[in-house]
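**Student:** Here it is, the structure in full.
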Amino acid sequence: MTEKPLPSPDTAAYSATEDLPEVPETQHDARLWRDDGWTARVIKNQDDDGWAVEMIKDGEAEPALVGPWTMGRDKKNPKPLDTGAFNTLVKTASEVLRRHEQQLHAMLHKRVTVDSPSGDGELAVTLDIVPSEDDPYALLTAFDALGEQLAQVKVAPNFKLGKANATAWVEDGFRRPN
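Below, the structure written as structure tokens:
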């Protein structure tokens, strides 16, 4: 039986209705494990004679984690992947992604509390940066003690939110800062 070669996606002969080879959902090989939305691949370490493992979350182009991998008993080939190692790698890579998300959130969302000018409690002032290649900006928002929004203005994405700036904005009647 001969198989006809599949056309390249960049040729005119390609049709979206043609069957493309599917990547298996689950694969458990010595150097490649694919399961639970993750792929672990043992690769040659570019920096030395050893091996590395990369963890890639399904749908992502870049690995979430790349780290050294243990040599096998022959001291030439890598130790094969197994269930325990894969589960540990998934846990570690997930933690790395979670920390990246937390760091990004902390960079884009700031919050301070200031005294209300009327003296009846505190106000929460937030700065939410909206990154954009074309028109980045930030939203400066004030909330009362019950969480009701009192004011919101658009400011430059490099606006520095601190107690002094927040207090000045509140005392200025929530007018857009310069």
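Start counting the sequence shown at 0; every next residue gets the next number (numbering that gives the first Met the number 0).
We put the CB at the ideal spot given by N, CA and C, even for glycine.
1) With distance defined between alpha-carbon atoms, name the residue in Lys78, Val52, Glu132, Phe142 nearest to Leu122.
2) Run through DSSP, which three-state label would Thr166 get?
3) Beta-carbon within less than 8 Å of Gln151's beta-carbon, same chain only, minus the 5 sequence neighbours each way: which residues are those?
4) Rounded to the nearest angstrom, how far is the Cβ of Leu88 from that of Ala29, given a contact under 8 Å?
5) By Cβ distance below 7 Å, which residues in the same chain neighbour Val65 in space, the five residues on each side in sequence not counted?
6) Between Thr125 and Leu96, is the Cβ-Cβ spacing less than 9 Å?
7) Thinking just about the alpha-carbon of each residue, which of Ala144, Val41, Thr69 is nearest to the one in Ser117?
8) In this structure, how does DSSP classify Arg30 when only helix, strand and coil are distinguished?
9) Taking the Cβ atom as the reference point for each residue, do Ala92 and Ala63 lie within a distance shorter than 9 Å?
**Tutor:** Considering the structure as presented:
1) Residue mapping note: residue 122 aligns to position 123 of the sequence shown, counting from 1. The candidate whose alpha carbon is nearest that of Leu122 is Phe142.
2) As a working note, residue 166 is residue 167 in the sequence shown. Thr166: helix per DSSP, three-state reduction.
3) Working through the sequence shown from its first residue, we reach residue 151 at position 152. Closer than 8 Å at the Cβ level, and outside the excluded window around Gln151, lie Leu138, Leu139, Thr140, Ala141.
4) Working through the sequence shown from its first residue, we reach residue 88 at position 89. Working through the sequence shown from its first residue, we reach residue 29 at position 30. Going by Cβ atoms, the distance from Leu88 to Ala29 rounds to 14 Å, so no, they are not a contact pair.
5) Translated into positions along the sequence shown, residue 65 becomes position 66. Ala51, Glu53.
6) Position 126 of the sequence shown holds residue 125. Position 97 of the sequence shown holds residue 96. Cβ distance not < 9 Å, so Thr125 and Leu96 don't count as in contact.
7) The count along the sequence shown starts at 1 and reaches residue 117 at position 118. Considering only alpha carbons, the answer is Ala144.
8) As a first step, residue 30 is located in the sequence shown; it is residue number 31 there, counting from the start. Looking at Arg30 - three-state DSSP - the assignment turns out to be coil, as it is neither helix nor strand.
9) For the purposes of this step, residue 92 is taken as residue 93 along the sequence shown, with counting starting at 1. For the purposes of this step, residue 63 is taken as residue 64 along the sequence shown, with counting starting at 1. It is a contact, given that the beta carbons lie within the stated cut-off.
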